[in-house]
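Novice: Going down the list, the protein sequences come from chains F and L.
Just so you know, we're using my numbering here: the first sequence kicks off at 1 and counts up by one.
Just so you know, we're using my numbering here: the second sequence kicks off at 1 and counts up by one.
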Amino acid sequence: DIQLTQSPSFLSASVGDRVTITCRASQGISSYLAWYQQKPGKAPKLLIYAASTLQSGVPSRFSGSGSGTEFTLTISSLQPEDFATYYCQQLNSYRITFGQGTRLEIK
Amino acid sequence: EVQLVESGGGLVQPGGSLKLSCAASGFTFSGSAMHWVRQASGKGLEWVGRIRSKANSYATAYAASVKGRFTISRDDSKNTAYLQMNSLKTEDTAVYYCTRYYSSGWSFDYWGQGTLVTVSS
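So this is what it looks like as structure tokens:
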């Protein structure tokens, strides 16, 4: 199975900060990568698909980039509602996998 | 409005069986692949498996951790997907989500609210 490694696993930041989360794949996955946001007790929410396409309704402060084995999710200016856990996901192989998650907390 | 509603979760003993349902509405269910994802308490997301549409021969695929024990099926006449779980282990304890596969974007665009399965004696 393709392994996804997110870094950092934990991130402390302040409202207004610019933050970047990295997701590295154990082998090339082209652009078959998605990003999700999950808040406690809730289902994950799709933010970015095809590595860099913003899902409808998602604020433009979220952006994604990368291809092959290295990908990033950037939040340009953190808002209070952005404090959550973020997951990357690869859909290149028939056995889909997720990264371990990045917990973003308020400093 | 797209809705996915899971049901059927509960407490089951190790070695037992449980069948989860996912009732879909608001989209053309018969044309969509459906996936199941689970999350143990305080842990990350784990893909469980999927079933494709009739046009793709209802093909299924499973995570190695559940292959041979879990079976995904669907009834397009009822707009419902199912996850049959047999030979349950304590490590299968998790919230189980059904999701819709967004074929144009290679992602899961809609998720249910989840149903809790607890495997314990």
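Glycine included, each C-beta is placed from N, C-alpha and C at the ideal position.
Mind pulling the beta strand (DSSP E) runs of 3 or more residues that sit fully within the stretch 58–116 of chain L?
Specialist: The stretch 58–116 of chain L contains these whole beta strand (DSSP E) runs: 60–62, 70–75, 80–85, 94–102 and 107–111.
Novice: Is the stretch 74–82 of chain F in contact with the stretch 4–24 of chain F, if contact means three or more CB pairs nearer than 8 Å?
Specialist: Yes, the stretch 74–82 of chain F touches the stretch 4–24 of chain F.
Novice: Spatial neighbours of S26(F) within its chain, please: C-beta separation below 7 Å, excluding the five flanking residues on both sides.
Specialist: I2 and Q3.
Novice: Residues in the stretch 34–46 of chain L with C-beta within 9 Å of chain F's C-beta atoms, listed in sequence order?
Specialist: Taking 9 Å as the Cβ-Cβ cut-off against chain F, the residues of the stretch 34–46 of chain L that qualify are H35, V37, Q39, K43, G44, L45 and E46.
Novice: Over the uninterrupted beta strand (DSSP E) stretch that includes Q39(L), give me the two end residues.
Specialist: Unbroken beta strand (DSSP E) run through Q39(L): M34 to Q39.
Novice: Work out the CA separation of K54(L) and S30(L) for me, nearest whole Å.
Specialist: Cα to Cα, the separation comes out at about 7 Å.
Novice: Check whether the Cβ of F98(F) lies closer than 8 Å to any Cβ atom in chain L.
Specialist: Yes, its Cβ sits closer than 8 Å to a Cβ of chain L.
Novice: Mind reading off the beta-carbon distance from L4(L) to C98(L)? Whole number of angstroms is fine, and I expect it under 8 Å.
Specialist: Contact holds; Cβ gap of about 5 Å.
Novice: Tell me which same chain residues have a C-beta within less than 6 Å of the C-beta of R38(L), skipping the five on either side of it?
Specialist: Only E46, V48, A94 and Y96 meet the Cβ criterion.
Novice: Check for me: the beta strand (DSSP E) holding R52(L) runs from which residue to which?
Specialist: Where R52(L) is concerned, there is no enclosing beta strand (DSSP E), given that its DSSP letter is neither H nor E.
Novice: Tell me whether E1(L) sits in a helix, a strand or coil according to DSSP, three-state version.
Specialist: Reduced to three states, the DSSP call for E1(L) is coil.
Novice: When you compare only the Cα positions, how much space is there between Y36(F) and K45(F)?
Specialist: Spanning the two alpha carbons is a distance of roughly 5 Å.
Novice: Please classify E105(F) as buried or exposed, where buried requires at least 16 neighbouring CB atoms within 10 angstroms.
Specialist: Exposed is the call here.
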